[in-house]
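Accompanying notes for the structure given below.
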Amino acid sequence: MNTDLIHSRKKDPLGMMLLDYLSGNEDVALEVESPTLEIWTMTGKTMFREYDDMNEIERMALAMCSGKILDVGGGSGCHSLWLQGRNFSVDTLDVSPGCVEVMKKRGVSNCLHANLFAHGDGEYDTVLMLMNGLGICGSIDGCNLFLQFIPSLLRDGGKVLADSTDFLPGHYNEDFSLTDYPGETEFVMKYGACRSDPFSWLYIDFKSLHTLANIHGLQCECVYMAADGRYLAAIKKD
C-alpha cells in the first residue's frame with residue numbers, strides 16, 4: 013500500500029505543479045516514468061478539470077455518492093468541490109502537502125494531509141477513489157490488505173467507489189515479465205527539480221478484484237466497463 017506521507021517539497025512534484033497552475037502558470041505538466049509502461053505527462057489543466065470535462069466513470073461515481081463521503085487522493089479537489097456544491101459532507105485526504113495546500117486555497121472544506129489508514133473509524137457511507145484510485149494498493153498483496161481494512165472505514169451498507177484498468181499484456185513494453193502480475197508497476201513523478209521517490213502502483217482486472225473482495229466478505233459489482241479496459245467498481249459492506 014502507498015500510504016507514506018510526503019513531507020518535502022523536493023519530493024512532491026504533483027503538489028508543486030498544482031500550486032504553480034493555481035498561481036497562473038496554465039502550461040505546467042509533470043512527467044511520469046515507469047519501467048513497464050510508456051512515459052506520459054500529467055497536465056495541470058487535466059488536474060483542475062471541471063465536471064463537464066470529467067470522463068464517464070467520474071460522472072457515474074459522483075452520481076452514486078451518498079451520505080458522508082471520504083475522497084481519497086483529492087489532488088486538486090475537483091471531485092470534493094463538486095460534491096460540496098451539492099451539500100454533501102466530504103472529508104478529503106492526500107499524502108501530498110502541496111495538493112492539500114491547493115485544495116484549501118480552492119475552498120475544499122475539510123482536507124487533511126493524511127493517509128487512508130488514519131481513518132478506520134467506520135463513519136463513511138461512501139469512500140471515493142478515482143483516477144485509477146485502486147492504484148494506491150500498489151500490488152495484489154496490497155489490495156488484499158486494503159480490502160481487509162475496508163470494513164473499518166464504512167458504515168453498514170456503505171460502499172467504496174473506485175476505478176482501475178484491466179491492462180492486457182500488449183500494453184507493456186518488451187522488458188515486461190509475464191511471471192509478475194501484469195498490473196503491478198512502479199512510478200516516479202518529475203516536475204522541474206522535484207522528483208518523487210519511486211512508488212508502487214496497481215492496475216487490477218475486475219475478475220481478480222471481485223475474487224479478492226468475496227474472500228474478504230465484501231460484495232463487488234462492476235458498474236461500468238469501457239472498451240479500453242477502464243472500469244468503475246462498487247465494493248459494498250453488508
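In my numbering, the protein residues as written are 13 to 250. Positions of the beta carbon are idealized from the N, C-alpha and C atoms, including for glycine. Keep in mind it's a predicted model, so treat the numbers as computed, not measured.
Check: If you measure between the beta carbons of residue 43 and residue 202, is that distance less than 7 angstroms?; Outcome: yes
Check: Taking the straight line between their C-alpha atoms, what separation do you get for residue 54 and residue 41?; Outcome: 5 angstroms
Check: I think residue 195 touches residue 214, with their Cβ atoms under 8 angstroms apart; what is that distance to the nearest whole Å?; Outcome: 6 angstroms
Check: What's the gap between the Cα of residue 22 and the Cα of residue 105?; Outcome: 20 angstroms
Check: Report back the beta-carbon spacing between residue 137 and residue 167 to the nearest angstrom; my notes put them in contact at under 8 angstroms.; Outcome: 6 angstroms
Check: Looking at the strands, I want to know which residues DSSP matches up with residue 211.; Outcome: 199
Check: Quick check on residue 103: buried or exposed, where buried means 16 or more other Cβ atoms within 10 Å of its Cβ?; Outcome: buried
Check: Name the DSSP beta bridge partners of residue 125, please?; Outcome: 106
Check: On the three-state DSSP scale, how would you describe residue 21?; Outcome: helix
Check: With DSSP as the reference, label residue 239 as helix, strand or coil.; Outcome: coil
Check: Tell me residue 244's beta-bridge partners as DSSP assigns them.; Outcome: 175, 236
Check: Identify every run of the alpha helix (DSSP H) within the stretch 24–83, keeping only runs that are complete inside it and at least 4 residues long; order them along the chain.; Outcome: 25–34, 56–59, 68–76
Check: Taking the Cβ atom as the reference point for each residue, do residue 218 and residue 236 lie within a distance shorter than 7 angstroms?; Outcome: no
Check: Just to confirm my understanding: we take residue 82, look at its own chain, exclude 5 residues before and 5 after, and list those with CB closer than 6 angstroms. What are they?; Outcome: 103, 136, 139
Check: Going straight from the alpha carbon of residue 170 to that of residue 85, what length do you get?; Outcome: 19 angstroms
Check: From which residue to which residue does the alpha helix (DSSP H) around residue 223 run?; Outcome: 218–227
Check: Assign residue 137 to one of three DSSP states: helix, strand, or coil.; Outcome: strand
Check: Does the distance from the C-beta atom of residue 112 to that of residue 125 stay below 7 angstroms?; Outcome: yes
Check: Verify the CB distance criterion: does residue 145 have a CB-CB separation below 7 angstroms to chain D?; Outcome: Among the chains in the structure shown there is no chain D, since it carries only a single protein chain.
Check: Residues bridged to residue 231 by DSSP?; Outcome: 248
Check: Can the beta-carbon of residue 13 be found less than 7 angstroms from the beta-carbon of residue 154?; Outcome: yes
Check: Pick helix, strand or coil for residue 170, following the three-state DSSP scheme.; Outcome: strand
Check: Below 8 angstroms on the Cβ atoms is my guess for residue 60 versus residue 88; work out the distance and round it to an integer in Å.; Outcome: 5 angstroms
Check: So residue 92 is in the alpha helix (DSSP H); what residue range does that whole segment cover?; Outcome: 90–96
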